[in-house]
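S.K.: Let me begin by handing over the structure; questions about it come next.
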Amino acid sequence: MQIDIPLAHEPSCAGCGGLCCQSFVLPIDTPETRQDFDALRWLVLHRGVQFLVTGTAWEIEIALPCSQLRADGRCAIYGRRPQVCVDYEVATCERHQPPHYDARIDNEHALEAWVLSRYGMRPADPRFPAHGPTMRVGLFD
Ligand code: SF4
Ligand code: SF4
107 MQIDIPLAHE PSCAGCGGLC CQSFVLPIDT PETRQDFDAL RWLVLHRGVQ
157 FLVTGTAWEI EIALPCSQLR ADGRCAIYGR RPQVCVDYEV ATCERHQPPH
207 YDARIDNEHA LEAWVLSRYG MRPADPRFPA HGPTMRVGLF D
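In the working numbering, the protein residues as written are 107 to 247.
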């Protein structure tokens with residue numbers, strides 16, 4: 107006879123409050139020029155905006171809670187929630203896994219420090235690449 111014993115630390119949403127419903131993350135093009143970093147500076151000057159950088163891959167995270175997140179941390183439309191919510195796996199979610207990015211940039215000073223460490227100069231440096239915007243960001247088009 108086989109007896110299924112639940113794992114003691116099986117990942118669950120119990121007690122979380124819906125951390126993954128508090129914001130959304132979108133990929134953005136890799137910034138390359140002074141104009142790109144100026145656009146990123148504009149974005150990160152807004153409250154609730156941060157960038158997640160992994161290698162050359164950049165993402166923007168915007169801290170706006172989903173309108174369907176109830177006060178008790180549950181989804182008000184669970185049975186008809188969007189597919190992206192259905193596909194999100196609790197075992198690999200941000201509550202149960204360490205951050206997957208190399209750098210989290212949540213203010214203009216952190217952005218400048220990242221650029222300085224990456225390029226050895228600030229975007230305002232005359233030597234910094236300044237051949238126009240290269241990022242295809244829908245927000246700007
Ligand atoms: S999937 Fe993870 S982050 Fe989302 S509610 Fe469940 S435990 Fe919280
Ligand atoms: S629809 Fe439901 S599961 Fe999806 S983000 Fe909103 S509250 Fe969370």
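Cβ atoms here follow ideal geometry from the backbone N, Cα and C, with glycine treated the same way.
1. Please report the distance separating the alpha-carbon of S129 from that of D212.
2. CB R135 to CB M241, shorter than 8 Å?
3. Less than 7 Å separating the Cβ of Q141 from some heavy atom of ligand 2?
4. At 4 residues or longer, and completely inside the segment 139 to 215: list those alpha helix (DSSP H) runs for me, N to C.
5. State yes or no: is the C-beta of C126 within less than 8 Å of the C-beta of P171?
6. Quick one: Cα of E116 to Cα of T198, how far?
7. Can you tell me which of L149, D144, A169, I168 puts its alpha carbon nearest to the alpha carbon of A231?
8. Once you ignore the five residues that flank L132 on each side, which residues in its own chain have a CB closer than 6 Å to its CB?
9. Please identify the residue among E195, R180, D208, P188 whose C-alpha is closest to the C-alpha of G123.
10. Rounded to whole angstroms, what is the Cα-Cα separation between V150 and S173?
11. According to DSSP, what are the bridge partners of F130?
12. Spatial neighbours of H237 within its chain, please: C-beta separation below 7 Å, excluding the five flanking residues on both sides.
M.R.: Answer, in terms of the structure:
1. Approximately 14 Å, taken between the alpha carbons.
2. It should be noted that the sequence gives Asp, not Arg, for residue 135. In contact: D135 and M241 (Cβ atoms closer than 8 Å).
3. Checking the 7 Å criterion, the Cβ of Q141 is out of range of every heavy atom belonging to ligand 2.
4. Segments of the alpha helix (DSSP H) lying fully in the segment 139 to 215: 140 to 150, 189 to 193.
5. At a Cβ-Cβ threshold of 8 Å, C126 and P171 do not count as neighbours.
6. Each residue's alpha carbon lies about 12 Å from the other.
7. Looking at the sequence provided, one finds Asp at residue 231 rather than Ala. Closest option to D231, Cα to Cα, is D144.
8. Answer for L132: I166, listed in chain order.
9. Selected option, being the one with the closest Cα: R180.
10. The C-alpha of S173 is placed about 23 Å away from the C-alpha of V150.
11. Its beta-bridge partners are I168.
12. Cβ within range, chain order: T139.
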